[in-house]
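Q: Pasting a structure here, questions to come.
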Amino acid sequence: MKYIDSVTRAGRSLKNAKARTILTALAIAVGAFTLTLALAAGTGARQYADRLIQSNIDPQSVIVAKDKALFGEGGGPNGGMKEYSTNTTQFGGRDFKTLTDTDLQHITDTPGVASVSPMYLVNAQYFAFEGIKTKYTADVSAYDPSVRAETAAGTIPELGTQIGDTDIIVPQSFIEKLGKQPADMIGKTVTLHLQKALTQPSQSEIEAAFATGGTQAVQDLLKVESKDVTFTIVAVSAKSSTSFSASSALFIAQSAAKDLSDYITKGTDQYHKYITASVKVKSDATPSVIKDDLQKRDLVARTARDVQDVLFTIVTIIQSIVIVFGLLALIASVFGIINTQYISVLERTREIGLMKALGMRGRHVRRLFQLEAAWIGMLGGLIGSLLALIVGVAINPWLSGIMSIGENRILVFELLPTIGLIALLVIIAMVAGWFPARKAAKLDPIEALRTE
Amino acid sequence: MIELRSVGKVYGKKEHLFTALNDITFSIESGTSVAIVGKSGSGKSTLMHVMSGLDRISSGEITIDDQNIAQLKQHELDRFRAEKIGFIFQAFFVQANETCEQNVSVPLEIRDIKKAERKARVTRALERVGLGDKAQQKAKNLSGGQKQRLAVARAIVGEPRIIFADEPTGNLDTQTGEQIEDLLFALNKDSGATLIIVTHDNELAARCDRQITIRDGKIVEDSLTREGATV
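The listed protein sequences derive, respectively, from chains A and B.
Just so we're aligned: the first sequence equals residues 49 to 500 in this note's numbering.
Just so we're aligned: the second sequence equals residues 205 to 435 in this note's numbering.
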């Protein structure tokens with residue numbers, strides 16, 4: 049029997065049992081539906097992550113730190129009592145080991161490094177917006193030109209260019225808290241109140257002060273020094289779908305941050321200690337090689353590629369979970385196919401017996417039933433994928449809305465993986481159909497055609 | 205030419221041994237019509253099964269057109285049936301949900317015959333049995349007599365050397381049965397195919413050239429009903 053005739057005949061047999069065929073196919077369709085959506089979500093998430101990284105991170109930049117915990121790579125517990133070290137600093141309520149000037153020098157000396165800019169943390173006492181009485185506190189951080197921020201209002205220089213010394217970028221969430229529109233805040237000022245860290249003067253310093261200026265001089269010496277610095281808002285960073293910097297910190301220029309940081313920490317343990325530093329790699333050097341070099345110096349580094357890997361790992365984990373559910377549904381449907389086809393074989397004993405009597409070979413009978421299963425698999429795959437496509441197209445805008453990823457689509461359907469999936473379902477169906485098909489092939493025509 | 209030499213067929217093992225055919229020897233000339241007569245359980249169906257290659261014999265040999273079918277491998281035997289044998293059954297065994305054309309097409313599909321040729325031969329076979337206008341009708345819409353005609357068309361479409369008919373009129377009324385009988389004997393004369401009818405209907409048996417009577421797995425009578433036929 050020719051293959052094409054077997055395919056036609058198998059398809060015709062299914063058409064004669066429409067209800068049963070469709071019900072069995074629907075079981076497979078559930079699996080196909082889940083898997084198609086999982087594939088689409090994976091593709092969409094990866095595309096989105098790619099876009100995110102390309103538009104945000106300079107591929108030649110490496111973030112370097114001293115503390116592994118910063119990159120979620122272990123390190124000691126952060127709560128509770130810890131050994132005091134002068135080389136730690138507080139950030140976000142947690143203690144981190146810091147980079148020192150020596151570390152920075154090591155980084156600068158590493159071949160292939162173009163420039164190093166440490167992250168200056170400015171612990172302002174408070175800050176105030178122009179025309180608003182309430183004082184607020186927040187992290188103040190140096191603007192990283194290698195990570196692009198999206199704006200809700202105002203303008204930010206292109207990737208790689210630093211903002212002006214008196215410029216400040218305010219997160220949209222802050223403006224919302226004020227009950228203002230982002231556009232209205234552009235050009236307004238923000239004043240940071242900085243307090244110099246208290247340093248206990250030595251006995252001799254106090255004595256010297258007393259000798260020169262009496263009690264007044266001693267009071268001046270012990271007084272906490274502070275100053276106000278005013279910045280102009282140039283931009284409001286958006287809570288963007290393709291931006292990493294939707295953080296909750298005020299951004300000021302690198303040089304301004306350095307000045308302020310130095311001012312606050314001068315004379316303390318924190319002077320010239322940094323949590324992270326942003327390293328710009330020369331265009332002919334490979335970031336991952338620099339990363340390895342830095343690791344030899346007991347520094348941790350993260351390249352743009354690493355960030356991408358982390359994102360992709362998350363996507364893969366989520367996708368795998370969905371795929372597992374899809375596969376479970378498929379396994380259930382495999383039993384559906386086996387059951388249906390067994391019943392079909394029992395119902396069609398006469399037909400099988402006749403075909404065998406007329407000289408059809410056992411393996412051709414088996415092929416016929418396996419092809420029926422294949423048809424069911426294909427039908428189920430088509431129904432499932434098609435439903436997934438319809439549902440996906442319908443809910444995509446809504447999904448993008450709740451995930452606030454703008455015009456990006458989280459479900460991206462591709463033709464080739466879908467065809468691959470349907471092909472896989474056909475193969476699975478054929479494997480499932482093998483058992484009933486074997487029963488059909490082994491049928492004794494004399495027994496099958498016995499009427500009395 | 206069909207030749208059976210000392211053919212035996214036993215079922216079961218040891219103490220449950222049952223002898224269905226016991227030392228059967230005879231030969232049938234090509235083109236003759238032969239009735240195999242006997243009561244149910246006599247072994248006549250088993251005889252038909254082994255002669256048509258549906259079943260294997262336990263001993264002896266069966267030679268059809270100089271080919272010993274007892275020695276054929278399973279797939280060779282399947283092919284032998286597909287090419288040389290046509291079957292007609294009491295219960296028709298036509299596929300109710302398929303059209304007449306599709307029903308008759310099965311033996312040709314099994315033999316890998318091309319679609320265009322299949323169509324021509326199926327049309328010819330359907331016309332031969334008087335169902336030329338029913339090609340696209342579903343088999344379930346046919347009457348009993350028409351269904352058996354359809355089965356006859358299916359049996360002759362491959363132009364077999366031998367046609368086996370197992371109680372071909374058993375499920376039909378007398379008049380329709382006679383029409384089928386007429387058709388079978390006409391085909392036997394026209395095509396030169398050997399016609400072997402298994403029946404316990406004496407009238408039908410009497411229309412054949414030769415009658416072989418079986419009882420308890422043995423031939424008890426072998427007679428010619430018409431002049432000129434040879435044993």
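Ideal Cβ positions, reconstructed from N, Cα and C, are used throughout, including at glycine.
Applying a beta-carbon distance threshold of less than 8 Å, which residues of chain A neighbour B/Val-254?
A: None at all; the shortest Cβ gap to chain A is about 10 Å.
Q: A/Ala-231: which of A/Val-284, A/Arg-60, A/Gln-95 sits nearest, CA to CA?
A: Among A/Val-284, A/Arg-60, A/Gln-95, the Cα nearest to that of A/Ala-231 belongs to A/Val-284.
Q: Counting only beta-carbon separations shorter than 9 Å, does A/Ala-488 have a partner in chain B?
A: So no, A/Ala-488 is outside the interface.
Q: Check the C-beta distance from A/Gly-202 over to A/Val-282 and give it rounded, since I have them as a contact under 8 Å.
A: Contact holds; Cβ gap of about 5 Å.
Q: Is A/Met-112 near A/Phe-177, with beta carbons less than 9 Å apart?
A: Checking the sequence, you will find Val at residue 112 of chain A rather than Met. Not closer than 9 Å, so no.
Q: So, are the CB atoms of B/Gly-334 and B/Asn-375 less than 9 Å apart?
A: No, the pair does not count as a contact, with Cβ atoms beyond the cut-off.
Q: Residues in the region 405-417 of chain A with C-beta within 7 Å of chain B's C-beta atoms, listed in sequence order?
A: Correct list: Ala-405, Leu-406, Gly-407, Met-408, Arg-409.
Q: Exposed or buried, what is A/Gly-122 when buried is set at 16 or more other beta-carbons lying within 10 Å of its beta-carbon?
A: Note on A/Gly-122: pLDDT 48, under 50, position unreliable in the model; no value is reported.
Q: Count the other CB atoms within 10 Å of the CB of A/Leu-74; is the residue buried (16 or more) or exposed (fewer)?
A: Buried, by the Cβ-count rule.
Q: Between A/Arg-345 and the rest of its own chain, which residues show a CB-CB distance below 7 Å, the 5 nearest in sequence each way excluded?
A: Hits under 7 Å: His-154.
Q: Closest to B/Gly-290 by CA distance: which of B/Ser-244, B/Met-205, B/Asp-370, B/Arg-328 is it?
A: Looking at the Cα atoms, B/Asp-370 is the closest of the given residues.
Q: Out of A/Ala-97, A/Asp-98, A/Ser-392, A/Val-161, point me to the one whose CA is closest to A/Ala-67's CA.
A: Of A/Ala-97, A/Asp-98, A/Ser-392, A/Val-161, the residue nearest in Cα terms is A/Ser-392.
Q: Does the beta-carbon of B/Lys-218 have 16 or more other beta-carbons within 10 angstroms, so that it is buried, or is it exposed?
A: Its Cβ having fewer than 16 others within 10 Å, B/Lys-218 is exposed.
Q: Taking the alpha carbon of A/Ala-485 as the point to measure from, which residue in A/Thr-316, A/His-412, A/Tyr-319 has its own alpha carbon closest?
A: Per the Cα distances, A/His-412.
Q: Quick one: is the Cβ of A/Ser-221 within less than 8 Å of any heavy atom of the ligand NAD?
A: In the structure shown, the ligand NAD is absent, as is every other ligand, since no ligand is present at all.
Q: Between A/Ala-297, A/Gln-248, A/Phe-258, A/Asp-307, which lies nearest to A/Lys-275 when the distance is taken from Cα to Cα?
A: Here the closest residue by C-alpha is A/Asp-307.
Q: Please check if any C-beta of chain B sits within less than 9 Å of the C-beta of A/Glu-399.
A: So yes, A/Glu-399 belongs to the interface.
Q: Looking at B/Thr-403: is its Cβ nearer than 9 Å to the Cβ of B/Thr-373?
A: Cβ distance < 9 Å, so B/Thr-403 and B/Thr-373 count as in contact.
Q: Does the distance from the CB of A/Gly-432 to the CB of B/Asp-282 come in under 9 Å?
A: Against a cut-off of 9 Å, the Cβ pair of B/Asp-282 and A/Gly-432 comes out as no contact.
Q: By Cβ distance below 6 Å, which residues in the same chain neighbour B/Ile-367 in space, the five residues on each side in sequence not counted?
A: Excluding residues within five positions, the ones whose Cβ falls inside 6 Å are Gly-290, Ala-359, Ala-397, Leu-399.
Q: Report the three-state DSSP secondary structure of B/His-404 (helix, strand or coil).
A: Correct three-state label for B/His-404: coil.
Q: Along the beta strand (DSSP E) that carries A/Lys-275, what are the first and last residues, could you check?
A: 274-285 is the span of the beta strand (DSSP E), which, as asked, contains A/Lys-275.
Q: By DSSP, does A/Asn-64 sit in helix, in strand, or in coil?
A: A/Asn-64 falls in the coil class under three-state DSSP.
Q: Please list, in chain order, the chain B residues whose beta carbon lies closer than 7 Å to that of A/Arg-494.
A: The question names Arg, yet the displayed sequence has Ile at residue 494 of chain A. Neighbours of A/Ile-494 on chain B, chain order: His-253, Leu-258, Asp-259.
Q: Do A/Met-478 and A/Ser-429 have their beta-carbon atoms positioned less than 9 Å apart in this structure?
A: A quick correction: the sequence has Gly, not Ser, at residue 429 of chain A. The answer is no: Cβ separation not under 9 Å.
Q: If you drop the 5 nearest sequence neighbours on each side, which residues of the same chain put their C-beta closer than 6 Å to that of A/Val-277?
A: Here the set comprises Leu-240.
Q: Against chain B, which members of the region 59-83 of chain A pass a CB distance test of less than 8 Å?
A: Within the region 59-83 of chain A, the residues whose Cβ lies closer than 8 Å to some Cβ of chain B are Arg-60, Asn-64, listed in chain order.
Q: In terms of residues, what are the limits of the beta strand (DSSP E) holding A/Thr-324?
A: Run containing A/Thr-324: 324-329, per the beta strand (DSSP E) assignment.
Q: Does DSSP classify B/Val-308 as helix, strand or coil?
A: Reduced to three states, the DSSP call for B/Val-308 is helix.
Q: Take A/Thr-313 and list the residues in its own chain whose beta-carbon comes closer than 8 Å to its own, dropping the five residues that flank it on each side.
A: Only Ala-245, Tyr-319, His-320, Lys-321 meet the Cβ criterion.
Q: Does the region 410-419 of chain B come within contact of the region 229-245 of chain B, defined as at least 3 CB pairs closer than 8 Å?
A: Touching, per the Cβ criterion.
Q: Which residues in chain B have a C-beta closer than 9 Å to the C-beta of A/Met-49? List them in chain order.
A: Within chain B, the residues near A/Met-49 are Glu-313, Ile-314, Arg-315, Asp-316.
Q: Which residues in chain B have a C-beta closer than 7 Å to the C-beta of A/Asp-357? List them in chain order.
A: Neighbours of A/Asp-357 on chain B: none; closest Cβ ~56 Å, over 7 Å.
Q: Between the region 449-468 of chain A and the region 81-93 of chain A, do three or more beta carbon pairs fall short of 8 Å?
A: Segments in contact, yes.
Q: Would you kindly work out how many angstroms separate the C-alpha atoms of A/Ser-293 and A/Gln-248, rounded to a whole number?
A: Confidence at A/Ser-293 is low in this model, with a pLDDT of 49, below 50, so its placement is unreliable and the value that follows should be read with caution. Distance between the alpha carbons of A/Ser-293 and A/Gln-248 is about 38 Å.
Q: Can you tell me the Cα-Cα spacing of A/Val-161 and A/Ala-325, whole angstroms?
A: Cα to Cα, the separation comes out at about 12 Å.
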